[in-house]
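Chains as they are written, first to last, in the working numbering: chain A, 11 to 302; chain B, 961 to 1114; chain C, 15 to 765. Glycine included, each C-beta is placed from N, C-alpha and C at the ideal position. A quick note: this is a predicted structure, and the numbers were derived from the prediction, not measured. Structure first, commentary second.
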Amino acid sequence: MTDPPSGEAAFLVPGTVEAAVEALGAAGAVAVAGGTSIGLLVGQGLLAPSVLVWLGRIPELSVLEEGDGQMSIGATTTLATLAAHPRVRTAVPALADAAASVGNTRVRAVATIGGALGHADPRQDLPPALLALDARVEVAGGRGRRHLAIDELIDGFMSTDLGPDEVITAVRVPLVDGRRSCYLRFTPGSADDYPTVAVAATAEVADGVPTAVRLAIGGAGPAAYLVPEAEQVEGAPEGRWAAEVAEVAEAAARRADPVDDRLGSAAYKRRMVAVWARRALERCLGADGVQP
Amino acid sequence: MKLHARVNGSPFVAEVPATSSLLEVLRGAGLTGTKEGCRIGVCGVCTVLVDDRPVSSCLYLAGCASEADIWTVEGMAERAPSVVDAFVECEGMQCGICTPGQIVAVASMGPDVRDENGVRRYLSGNLCRCTGYGTIVDAALDAQARRRGEVAPT
Amino acid sequence: MTLAWPRVVGPRVDARDKATGATRYSADVESEGALHAAVVRSTVPHAEVLAVDASAALAIRGVTAVVTARDLERRFGDELCGRRVRDMPLLARDKVRFPGEGIAVVLATTRRVAEDAAALVVVEYRELPPVLDALGALEPDAPRVHESPWRYDGAVVDPSDPPNLQSGLVEGDLVAVDEVLGRAAHVVTRTYRTPSGYQGYLEPQCWTASPRPGGGVALLGTAKAPYRLREQTAKTLGLALDAVEVEPAPLGGDFGGKGGVVDPTLCAALALWANRPVRLALRAGEDMTATDARHPSVVEVRVGCDADGTLLALRVDAVFDGGAYAAVKPIPSANLHGMAECALGYRLEAFFVRSRIAYTTTVPKGHMRAPGAPQAVFAIESALDELASAAGVSPVVLRRRSVLAGGDRDAYGHVWDEARGTETLDAALAAGDAAPRPKDRGRSGWRRPAPSGWRRGRGVALYARPTAPPATTSLRLAPGDDGRLVVELPFPETGTGSHSVVREELAASLGVDPERVEVRQVSTASLPYDPGVGASRVTVGLTAAVRQLAGRWSESGGTEAVTIETGSGTEPPALSFCAQVADVAVDPETGQVLVLGVVTAADVASVLRPRSHRMQIDGGAVMGYGFACLEDLLEGDGQVWATNLAEFRLPTAQDVPSLRTVLVEGGRGVGPANVKAVGELSNVPTAAAIANAVAEATGRRFRQLPLTAERVFWALHGEAGEEAGEEAGEEAGEEAGEEAGEEAGEEEGPA
Ligand SMILES: Cc1cc2nc3c(=O)[nH]c(=O)nc-3n(C[C@H](O)[C@H](O)[C@H](O)COP(=O)(O)OP(=O)(O)OC[C@H]3O[C@@H](n4cnc5c(N)ncnc54)[C@H](O)[C@@H]3O)c2cc1C
Ligand code: FES
Ligand code: FES
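So this is what it looks like as structure tokens:
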């Protein structure tokens, strides 16, 4: 007689980051934050961890604070908290909007910013928003702490640069005066669905002249990606961006590497990247009359 | 693992596999008001409250409910009687399989959810195949109005 | 219209229990000591099963047995199972015919162990050529899904039919229709396609079977038609009728999907085999991929009118993919009555309808809310718009010219005293123009703004449906405690409020307080017969039965239990129309279709419970919207790819259009309560109304559902894909030369 494959697993509730890191050193251990992805994978029999290390009781990870020109968001901050947070909404609306559009109310109520990055599904909302906002991730592990950009952390399709014993402790988003940001997701079927494509844009606009323009795309490649050509829009005088914006949007589409799936064919997604990149840039620069 | 929590206001202890879902645990304890539908977090028939937050119990790991204050539909007559009444009076149900989840979800709404658009957005993850949502939205708006102490418009 | 007798509409009898979690659905009833069954399912569409290796599964602690077809045959013989056509084995014998077909069952002490162990059973296949396309399946040289389908008990085909024909249906006169079309001023011939779908109830099917102490088996579960199930289970297992007792539980949604007999019979067989209670609960994904999906269709419509737009003749030729077995189809023709009735709404000089259902190696297809009608009406009502444009009249004018009016003879030869097509159409159009009333909270209070820069369009569609006179049923009334009255019903509550209707009607007929009347649903051991819920017949039939029951009760003095059995009614049927107006906005840059609003005008007689009635209409319109824009099981290569509710999207509270309903009151219905059926009305014309609106908005005609953004995008933007050429801007009115077969054979759609 043998036991069924989905047998017993240990459930650990460390109280500090150090204890979590140590617990994750065990073979077959996985970190659990909100558990929305882990719970789904385990429930479907796609993952059979031997140790579950729950990060939900580590005070350090739930801090959300501002200082040194940045917002530091603890890894277990929930998406619902981000979406409703007054400072997040005014200072970095792209992040609030991205968090507000994830899945459904129940997912947002418990899913965390750390889990959203750790899951690394290319259709996810937060990675493009955080990438455009130039956020950095603090990671703690057996060899100490290090800092990574979003596209260093998420290094491929459902893949991260994290070692088995590493946890994300916080996400740091720079706060820049005069910076605008916006996040748009295209869900032509159901608003509860993953986006067919998603676009985040940020820019500083002084006297109608944009600088520091960043554009990031989700859903159209193995991971969210930046569109460096976005800087072409910088310096263009007020109301004279149209040609540049169109060029950048085409560049964004050229960089896309989408797959055919239920949300759309690769060819369609590529076309949608161009449309939504343009719309996001227009929104961000105030060209479509809507406050980002 | 041994799960210690409170369910519908009473202490709850159960020996469960750490990888089981809160849904399995609750139903296994005879609390069958919470339903199993999609099992992937999409339909909402398994909605319960964990420390005041609405969660999909089908994918909520039992371990994450340690020490938590859990409420299920069976406790709603006590915790949110006006929501239960609103659903009965507005006939916010047809077959009723989605109803426990709808009621728990409405019970978790904050006062900021005031109008129809807000209700529809909040409840978008609680599917209903029967009603077309009209009477459910009615019931949710009624419940919110009652909670604000307004006389429910009819 | 005044009611036949005074009635009080109180709270629904089932409401509070449902709102507090007290209602016990099939999955909520625990059976002491039950074994849990998990089905090992085929992973391939068509294959010989060479070997089943269960050794690893049997080694798991808690597994008590792994049962195969052989085991069941030894005990019960080799009867096949089915609702009409008995062509499906309880478990595959030697051969599997669709991915998802059961091959073996693991029995274990817990569900988790059973499912884990089922995953360890290894099946060795020798694959056979799959049969994936319904049109191809009807070709003479197609590989056969069944060797001799005409031999099955209940078969409706014969050896001269094409090899994979499951059922065929013909109405009307082919010669006459071609003759009339030959002299029509305008004719269009178009082919329309719809995908396979899922009923979308949120309660997966679930069964518990227990051997009865004195022999036989009791079955509790998701049974929409308990008496019919009893019959089929008994027949398949070689038991006497009364050796099978079916106890229905409240249904968590049905929409046609919970009448299957194979899974519950399998569960009963397992319980008898193991001599222990057995529970067979499907997971949502199994329910979606292995029970009874909606038929995908290819429907060719040829319709003609005279110079001023008066309809002359309609010819409809449909091919449906019926999947691997006909077993789940409930009507004797094993076809779809929505097809048979599809020429009902208009005056026509001639018509011809042919509906062929093919066996393929895909999931068996069954019934879903007004079976066949959504597919047929999408095609016909779209074609009418195309014809209108060819004839240079407006779609509304074209319909008004020919829609049935009182005293008209329909295409089938029946003369209708009352036919309110024009009134219903006009009511929908008037409401579509009117401003929403603010007091319609929950529906029209919800307005979707059309985003700027999007193209707007409005579309109309009509549907006509007969309400048949009441069918046979039976009821029992007995004195209860404290002067209460207990009514026993033979069928489950599906949420339509039928149990409440019984209570209120009975209370009114006897002149007692409804609070004194208790309604109970009882097992098949308790009452003579009922054909089950469905086909919108419940409320209609019940009112007649309740009245008879009350009469008998009064006659007998009201002290002892009385049981009545009604005969099927003889009065003429009533006709209801449903007209819908859809308003859409289309984003020209992305192809996204936003359905802003759907107005439904329903032709009704008496409305017994207004809220329940409204939910039927709203729920139907939302289902129609899902069919039009969202829902697709994505069948391809024989597999269902949308295997869960994240992939097969149902409309959410946020996605749905603003809904408004106008009741065209004062109609003449059937039965003593004077009602017209409403359950299978508003889900039918929605897709055509939306497609017609999208055609107006874009100038392009879409003949394939769902109307995804991508489909619309490529039609508007020309390039990439055959789709654009196929869908876009064909000149209306031209004679399409191709035969349905050729045209329909083309594959299209994104990879
Ligand atoms: C029904 C449903 C709908 C969804 N829809 C969307 C959607 O529309 N858009 C979208 O973006 N996402 C969607 N998601 C995915 C959702 O974003 C993720 O499930 C969620 O963000 C993960 O967060 P969590 O805290 O629950 O993570 P968990 O499930 O706890 O963990 C997810 C992964 O991250 C790892 N992890 C968690 N925390 C850390 C940490 N601090 N350090 C290192 N690794 C960590 C875990 O080990 C695991 O691998 C949906 C999910 C569900 C169930
Ligand atoms: S069963 Fe949990 S969300 Fe569907
Ligand atoms: S009432 Fe049936 S699913 Fe909502």
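Under 8 Å by Cβ, that's how I've got residue i and residue j pegged, so tell me the actual separation to the nearest angstrom.
| i | j | result |
| --- | --- | --- |
| A425 of chain C | L362 of chain C | 4 Å |
| A51 of chain C | L121 of chain C | 6 Å |
| P291 of chain C | T247 of chain C | About 16 Å; that fails the 8 Å criterion. |
| V613 of chain C | A384 of chain C | About 19 Å separates the two Cβ atoms, so there is no contact after all. |
Let me check you understand the geometry: is the CB of residue i closer than 8 Å to at least one non-hydrogen atom of ligand 3?
| i | result |
| --- | --- |
| I1063 of chain B | no |
| R1089 of chain B | yes |
| C1058 of chain B | yes |
| G509 of chain C | yes |
| C220 of chain C | no |
Keeping to the same chain, check which residues put their C-beta closer than 7 Å to that of residue i; ignore five residues upstream and five downstream.
| i | result |
| --- | --- |
| R156 of chain A | V149 |
| V609 of chain C | A596, V598, Y639, C643, P671, I704 |
| A444 of chain C | none |
| D31 of chain C | T37 |
| A68 of chain C | V80, A118, V135 |
| G173 of chain A | G151 |
| H200 of chain C | G318, C319, L401, A404, A405, G747 |
| P1014 of chain B | T1007, V1064, A1065, S1068 |
What are the start and end residues of the beta strand (DSSP E) that includes residue i?
| i | result |
| --- | --- |
| H50 of chain C | 49-55 |
| Y206 of chain C | 200-208 |
| C592 of chain C | 588-600 |
| M81 of chain A | 80-84 |
| K962 of chain B | 962-967 |
| T614 of chain C | 607-617 |
| D331 of chain C | 325-337 |
| S40 of chain C | Unbroken run through S40 of chain C: none, as it is neither H nor E. |
| C294 of chain A | Not the beta strand (DSSP E): C294 of chain A falls in the alpha helix (DSSP H), residues 276-295. |
| P240 of chain C | Not the beta strand (DSSP E): P240 of chain C falls in the alpha helix (DSSP H), residues 240-251. |
| A226 of chain A | 219-228 |
| Q134 of chain A | Looking at the DSSP string, Q134 of chain A is not in any beta strand (DSSP E), and its letter there is neither H nor E. |
Please indicate yes or no: does the CB of residue i lie closer than 8 Å to some heavy atom of ligand 2?
| i | result |
| --- | --- |
| K995 of chain B | yes |
| T115 of chain A | no |
| R165 of chain C | no |
| V613 of chain C | no |
What residues in its chain sit with their C-beta under 8 Å from that of residue i, if we drop five residues either side in the sequence?
| i | result |
| --- | --- |
| E248 of chain A | D217, G218, V219 |
| L62 of chain A | A19, A20, F21, L22, A39, V40, V42, I48 |
Start and end of the alpha helix (DSSP H) containing residue i?
| i | result |
| --- | --- |
| F1047 of chain B | 1041-1049 |
| S396 of chain C | 387-405 |
| V515 of chain C | 512-524 |
| T438 of chain C | 435-447 |
| D277 of chain C | 276-288 |
Residues in the same chain with beta-carbon distance under 6 Å from residue i, minus the five sequence neighbours each way, listed in chain order, please.
| i | result |
| --- | --- |
| A521 of chain C | P528, V531 |
| L503 of chain C | Q535 |
| G1061 of chain B | G1004, V1005, T1007, N1086 |
| S111 of chain A | D135, R195 |
Would you say residue i touches ligand 1, meaning its beta carbon is less than 8 Å from a heavy atom?
| i | result |
| --- | --- |
| E1038 of chain B | no |
| V209 of chain A | no |
| G650 of chain C | no |
| S60 of chain A | no |
Exercise for the section: Determine contact between the region 1070-1083 of chain B and the region 661-669 of chain C, defined as no fewer than three beta-carbon pairs at a distance below 8 Å. Expected result: Taking 8 Å as the limit for Cβ pairs, the verdict is that the region 661-669 of chain C does touch the region 1070-1083 of chain B.
Problem - Validate contact between the region 71-81 of chain C and the region 306-322 of chain C using beta carbons, cut 8 Å, 3 pairs - result: no
Practice task
Please confirm if the region 212-220 of chain C is in contact with the region 287-306 of chain C, defined as three or more CB-CB distances below 8 Å between the two stretches.
Solution key: With the cut-off at 8 Å, the region 212-220 of chain C and the region 287-306 of chain C touch.
Exercise for the section: Check whether the region 85-95 of chain A touches the region 109-129 of chain A, taking contact to mean three or more Cβ pairs, one atom from each stretch, closer than 8 Å. Expected result: Using a C-beta cut-off of 8 Å, the region 85-95 of chain A makes contact with the region 109-129 of chain A, since at least three inter-stretch Cβ pairs fall below that distance.
Practice task
Flag this pair as touching only if the region 969-986 of chain B and the region 271-287 of chain C have three or more C-beta atom pairs under 8 Å; answer yes or no.
Solution key: Output reads no: the region 271-287 of chain C does not touch the region 969-986 of chain B.
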